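Student: Supplied in structure tokens, the structure appears directly below.
Protein chains: 2
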Amino acid sequence: MDEPSTSTSSNVMHSDFVEITIDVHQVVPPPHVSTLQRIKIKLKETFFPDDPIRQFKGKTLNTKLILGAQYFFPILQWLPNYSFNLFKSDLVAGLTIASLAIPQGISYAKLATLPPIIGLYSSFVPPLVYVVLGSSKDLAVGPVSIASLVMGFMIAEEVSPTTQSDLFIQLAFTSTFFAGIFQATLGILRLGFIIDFLSKAILLGFTAGAAVIVSLQQLKALLGITHFTKKMAIIPVMCSVFDNIHEWSWETIVMGASFLGILLIARQISIRKPQLFWVSAGAPLACVIISTILTFVIKGQKHSISIVGKLQQGINPASADMLLFSGDYLGLTIKTGIVSGILALTEGIAVGRTFATLRNYKLDGNKEMMAIGFMNVVGSTTSCYVTTGSFSRSAVNHNAGAKTAMSNLVMAVTVMVTLLFLMPLFRFTPNAVLGAIIITAVVGLIDIPAALLIWKLDKFDFIVLLTAFLGVIFISVQYGLALAVGLSIFRILMQITRPKTAMLGNIPATTIYRNIHHYKEATRVPGFLILSIEAPINFANITYLHERMLRWIEEEEDTKTENSCLQYVILEMSAVSSIDTSGVSLFKELKVALEIKGVELILVNPLAEVIEKLKKADEDNDFVRPDYLFLTVGEAVAALSSARKRQSQTIEEIE
Amino acid sequence: MDEPSTSTSSNVMHSDFVEITIDVHQVVPPPHVSTLQRIKIKLKETFFPDDPIRQFKGKTLNTKLILGAQYFFPILQWLPNYSFNLFKSDLVAGLTIASLAIPQGISYAKLATLPPIIGLYSSFVPPLVYVVLGSSKDLAVGPVSIASLVMGFMIAEEVSPTTQSDLFIQLAFTSTFFAGIFQATLGILRLGFIIDFLSKAILLGFTAGAAVIVSLQQLKALLGITHFTKKMAIIPVMCSVFDNIHEWSWETIVMGASFLGILLIARQISIRKPQLFWVSAGAPLACVIISTILTFVIKGQKHSISIVGKLQQGINPASADMLLFSGDYLGLTIKTGIVSGILALTEGIAVGRTFATLRNYKLDGNKEMMAIGFMNVVGSTTSCYVTTGSFSRSAVNHNAGAKTAMSNLVMAVTVMVTLLFLMPLFRFTPNAVLGAIIITAVVGLIDIPAALLIWKLDKFDFIVLLTAFLGVIFISVQYGLALAVGLSIFRILMQITRPKTAMLGNIPATTIYRNIHHYKEATRVPGFLILSIEAPINFANITYLHERMLRWIEEEEDTKTENSCLQYVILEMSAVSSIDTSGVSLFKELKVALEIKGVELILVNPLAEVIEKLKKADEDNDFVRPDYLFLTVGEAVAALSSARKRQSQTIEEIE
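Residue numbers (full-length UniProt numbering), protein chains in the order written: chain A, 1 to 655; chain B, 1 to 655.
In structure tokens form, the structure reads like this:
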């Protein structure tokens, strides 16, 4: 390697003494890319990984305009080809989810400590907006349990839903407005990846925790307690349940327990036989109807069975004038909007993606965020609170054979009919049954097999899951979530801070080098220490890498024998995807430290970014000298062994 | 590949139609490691990467005890072999740094708005502690500019150093105590890597910003202003300077400017000729002596030249009873202790490491933290404020030929003599000269060439540097630092969120596959899409990777011709060092998405952790089936091409 050239052929003695001819291929510096271009590429990869404008390339202006309109209004993609056959499917699906949406709408509004009618309003306007803007074919939109719970809880921390009910409703609408603005902004700025930080482990733990909290809240309705704590955590709720044992009403308990039993059985039937999905889909409405008639007949309120009470008739009133943008509660509504908005988004996007994968169509997360955000902004001006794609109703929608977003329209029309004509019928609906409906819905969100799989796969992920779960039930929804996200990020940082390094050995009779702790047949090459670094090198890990590599070298020196004195340290850099200025200094320091020991530092397959930075940093060309750079470990070992051999031959000849 | 075996030989047609024989080597699952062992290994790598107990292995109990004592008291390592020759070197170095430490001690105490004498106290006791506990041979300990500035500033935010001076001093000692406890705790818990998050770019920007802030503060002394703002940011300070233009004293300005000029010239001389290091080392003391005599002779205070004033005589009084652990200021002192402690630690460790690398000895960062922490705890009980290894004095110490920590002892004794007998001499020292000494010291910390190198190497690192610099001078020291650290962590998270993927091509006449955008001669293999993923796969990047890979595949399909229809997607996984449960689900989803397109997903060289998790997650063995796993891309392409060829031959035969 004294005369570096692009491709030099050298006869080398392989470690198993079979003479083979190898080619040495040079590591070349990457083609020049200007800083501006580099920034452009980086921005594109960061914000447009799916390259949404690719479809516009090479099209006429007219086509471009149509494609553009279709991009922003996905309804234009499917409506022109819409057929009666598709509508039949969507009609069945729409009516099925409406039968679920009406009782759930009323129940979830109560979960948010809002008047039940707002739950129905929220099942009318947002679906209409989604039909126009949404790209999912399966999503059924409307209020959802977790976002309802969080919004109600966060506002109730500062404003009482009973004594200041008008203000409470105003703040709910304003929070919904901010949630929508936040969601749409994430989509427009293409920052959708922020919700990726809510990993599956976090969501599993969080959802299970929230399901427990929500179910516990329903004890108020199920036991007929009138003085119930406003706190959410498990301990105050349990205290409240047992402190008020004298308020328990046996009639309420009997009714609640019976219907809860029926609903849970219906759910089990649908789980066991998926074609019977309509059993669990129809059960809530059936329970509401039966229990309402029952309560009316036995005059339930006289037997201390609490009922929904009189409900307003008519569709959504405008509420734009109710939004509160000034005053003391601005901070509260923004905070509530962001937290409930991000939770709603996470559920909606996750559900949308799940069904898109199942039916093999592409869902643009950022576009969905804009659709959901815009839906909530419109919702906030038409007496709706925060809505998104609901997991349970979307699953029913999918199973019932929905083909397009049209099923949401069918649902909305059904809800509208209910709002206009059927509201008086809900007057005698017992709250205990609504509680039972909520419990059945959220219990289905607890996914124990998935949690066990996580335990099996990754213990740390399971700890994250547990943190989210326990944080939510013992501290609060927001802190539980924040703790779990913090822990996940901490783990990533720890992986960066303590990157893996592995010692490589030769797999016999090949030029392949692999981790000797993994491939037991791999053998060390005498005189060489071959290490692979498996992470980007940056300020957070250079100290560790420095210490760790010196330890490898010292351990090597401790075991050295006469004829296997360490001569070369080869660093396999294929996995070092990036390097910063601190990383560059690591190599300088390592080189100095190794030179003192009489050991040479060889780099194998550094990637484009690494070569460039080393070259820029290193005016003496110490690292990018071709005899210190190789394309594969095999070639490096072969070339260096032959060079060493020639050298010792020369020395022998001289002697 | 119908009959998987450990090593199958197959004749394949290479893309350039040269028939070669290749061996296919199987990817094997890694040897089993129990969860407990795994956790043990992980903990060791996290907290003991340097394996400090390695030296104890296989030694007798006696040797172990001696090694243990030497580990905790490094003085036992060098004192037994200490010679008169070494002492001569240390004596010269010690006297040199003492001549610098005395004026700097007085000046830095003023920077912390503490009585000047405390700066001398802090140059006496801590060096004595460090002689016993420290392992660096070059570190000269005592008060330093940035930690002094930050401590003074943070306490002054709540307590006035002039009207509540006794309380102020108490809080300074208490903060020093907490700083020491925090530093020692980091060392004991081996959490030293926390200071690694202060990258070189951050430190450069931060130090330059702090130097500007410190220099501006000296305008008070240099211009003779009596009513000066208590704020630190550049704007209020400049306002204060020009609002009080009537207070400027020309005598003070003339004296300050002259001595500042002398000091800067002395500094330049030492920079140009390093052997003249004593010029800049001795200049501050010379200036103090000359200016004191001058002020005494011309009766400076009558010409409105502000002087140090009467100083107490005698060595450090005990101050353990002055520590305040209760009351309103506990939070303040803990916060101040942590911030100034971490800054002191960063400077001390960075300086220690720099000189250890220069002189080729190993410095255990965690052990140094314990030494510095213990030194500050002792200091807080003997009237010292926060101290650490000073950059400027350590450099002088090194240049003056210090051989061991003994030079600190010499310095401490010199300071003691000063405290006992020479204090009255400093009475007439003008504050302007102390200001000039501080400016000269901190201006030396601004490293413009290093900043330019960072600009050249890495634009984002430079933005971090600028954030730290501008944050410190326009907002505050703490926020500037926090912003820059936040930005660095954000960058790491972005790298994780948007990992690089590259398309690989075959380097002609080899079995090597490399990035086709880097190696222009690399050619695509028809029917194959070979991608390498260059980051761990986890919750934060699966959505991106999913979208990005689908885009690769779609782009591929857009360009497909009749005879190059995409059949295999090969993922080169060498750089995927870890995977979490979300990452496992990415592969499941990708496989489903590809199966629909009739494309097979092949994994090449997954590392141990990845294989294990895929195997656990995948009960159908879809991923770990040997015909989907290869050890190198070359073997995968060769084997699959031959399989495809055989297949098409069979079809032809049937036809």
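Using N, Cα and C, we set each Cβ at its ideal position, and we do this for glycine too. From a predicted model like this one, the values you see are computed outputs, not experimental measurements.
Would you kindly work out how many angstroms separate the C-alpha atoms of G142/B and Q495/A, rounded to a whole number?
Tutor: For G142/B and Q495/A, the distance between alpha carbons rounds to 36 Å.
Student: Applying a beta-carbon distance threshold of less than 7 Å, which residues of chain B neighbour P536/A?
Tutor: Per Cβ cutoff of 7 Å: Q495.
Student: In angstroms, rounded to a whole number, what distance separates the CA positions of I375/A and S148/A?
Tutor: Reading the sequence as shown, one finds Met at residue 375/A and not Ile. Computed Cα separation, rounded: 16 Å.
Student: Residues in the stretch 359-372 of chain A with C-beta within 8 Å of chain B's C-beta atoms, listed in sequence order?
Tutor: Listed by position along the chain: N360, K362 and G365.
Student: Would you say T292/A and F421/A are within 8 Å of each other, going by their C-beta atoms?
Tutor: No.
Student: Does the count of Cβ pairs from the stretch 58-66 of chain B and the stretch 369-389 of chain B closer than 8 Å reach three?
Tutor: Flag = no, the stretch 58-66 of chain B and the stretch 369-389 of chain B do not touch.
Student: With burial defined as no fewer than 16 other Cβ atoms inside 10 Å of the residue's Cβ, what is the status of E157/A: buried or exposed?
Tutor: Flag for E157/A reads exposed.
Student: Have a look at the DSSP bridge pairing and note the partners of V604/A.
Tutor: Answer is E572/A and F630/A.
Student: Report buried or exposed for H518/B, applying the criterion of at least 16 other Cβ atoms within 10 angstroms of its Cβ.
Tutor: H518/B comes out buried.
Student: Does the contact criterion of 3 or more C-beta pairs under 8 Å hold for the stretch 208-217 of chain A versus the stretch 426-445 of chain A?
Tutor: Verdict: yes, contact present.
Student: Taking its Cβ as the centre, do 16 or more other Cβ atoms sit within 10 Å of E557/A, making it buried, or is it exposed?
Tutor: Under this definition E557/A is an exposed residue.
Student: Out of curiosity, what's the CA-to-CA distance linking L276/A and S258/A?
Tutor: Computed Cα separation, rounded: 21 Å.
Student: State the CB to CB distance for the pair D138/A and S319/A, rounded to an integer number of angstroms; the pair is presumed to be in contact (CB under 8 Å).
Tutor: Actually they are not in contact, since the Cβ atoms of D138/A and S319/A sit about 29 Å apart, beyond 8 Å.
Student: Taking the alpha-carbon positions, what's the I41/B to N366/A distance?
Tutor: The straight-line gap from Cα to Cα measures roughly 41 Å.
Student: Taking all protein chains shown into account, do 16 or more other C-beta atoms lie within 10 angstroms of the C-beta of D50/B, making it buried, or fewer, making it exposed?
Tutor: With 16 or more Cβ atoms within 10 Å of its Cβ, D50/B is classed as buried.
Student: Does any residue of chain C have a CB that is nearer than 8 Å to the CB of A608/B?
Tutor: Among the protein chains of the structure shown, namely A and B, there is no chain C.
Student: In terms of residue numbering, what span does the alpha helix (DSSP H) encompassing A502/A cover?
Tutor: Unbroken run through A502/A is the beta strand (DSSP E), T501 to N506; no alpha helix (DSSP H).
Student: Chain A beta carbons: is any one of them nearer than 8 Å to that of R644/B?
Tutor: Chain A, which has no Cβ nearer than 8 Å to the Cβ of R644/B, makes this no.
Student: Would you list, in chain order, the members of the stretch 508-531 of chain A that have their beta-carbon closer than 8 Å to a beta-carbon of chain B?
Tutor: Flagged, chain order: A509, T510, I512, R514, N515, H517, H518, Y519 and K520.
Student: Does the structure place the stretch 529-542 of chain B close enough to the stretch 493-509 of chain B that three or more beta carbon pairs sit under 8 Å?
Tutor: Flag = yes, the stretch 493-509 of chain B and the stretch 529-542 of chain B touch.
Student: What is the DSSP secondary structure of T523/A, counted as helix, strand or coil?
Tutor: T523/A falls in the strand class under three-state DSSP.
Student: For the alpha helix (DSSP H) holding S270/B, just list the boundary residues, first then last.
Tutor: Looking at the DSSP string, the run of the alpha helix (DSSP H) that includes S270/B is W250 to R272.
Student: Which complete alpha helix (DSSP H) runs does the stretch 78-111 of chain A hold, if anything under 4 residues is left out?
Tutor: Counting whole runs of 4 or more residues, the stretch 78-111 of chain A contains the alpha helix (DSSP H) stretches 84-111.
Student: Which two residues bound the contiguous alpha helix (DSSP H) that contains L330/A?
Tutor: L330/A -> alpha helix (DSSP H) spans L330 to R359.
Student: Would you say F587/A faces chain B, with C-beta separation under 8 Å as the test?
Tutor: Cβ-Cβ to chain B under 8 Å: no for F587/A.
Student: So, does the stretch 407-416 of chain A touch the stretch 227-245 of chain A, judging by three or more C-beta pairs under 8 Å?
Tutor: Touching, no, given that fewer than three Cβ pairs across the two stretches are closer than 8 Å.
Student: Does any C-beta atom of chain B lie closer than 8 Å to the C-beta of Y544/A?
Tutor: Answer yes: the Cβ-Cβ gap between Y544/A and chain B drops below 8 Å somewhere.
Student: Apply the 10 Å Cβ neighbour rule to N397/A and answer buried if 16 or more other Cβ atoms are within range, or exposed otherwise.
Tutor: Answer is buried; the Cβ neighbour count reaches 16.
Student: Using DSSP's beta-bridge definition, name the partner residues of R514/B.
Tutor: R514/B is bridged to G505/B.
Student: Does the CB of V308/A have a neighbour CB from chain B at under 8 Å?
Tutor: No, V308/A does not count as interfacial toward chain B.
Student: Could you give the distance in angstroms between the alpha-carbon of V241/B and the alpha-carbon of V159/B?
Tutor: Cα to Cα, the separation comes out at about 23 Å.
Student: Could you tell me whether any Cβ in chain A is nearer than 8 Å to the Cβ of L631/B?
Tutor: Closer than 8 Å: yes.
Student: Name the residue from R644/A, S392/A, M322/A and N360/A whose alpha carbon lies nearest to the alpha carbon of T381/A.
Tutor: Ranking R644/A, S392/A, M322/A and N360/A by Cα distance to T381/A puts M322/A first.
Student: Label F528/B either buried or exposed according to how many other C-beta atoms from any shown protein chain fall within 10 Å of its C-beta, with 16 as the threshold for buried.
Tutor: F528/B is buried by the Cβ-count criterion.
Student: Looking at the unbroken alpha helix (DSSP H) that takes in F539/A, where does it start and where does it end?
Tutor: Counting along the chain, F539/A falls outside any alpha helix (DSSP H), and DSSP gives it neither H nor E.
Student: In whole angstroms, what is the alpha-carbon distance linking G480/A and L470/A?
Tutor: Between G480/A and L470/A, the C-alpha separation is close to 7 Å.
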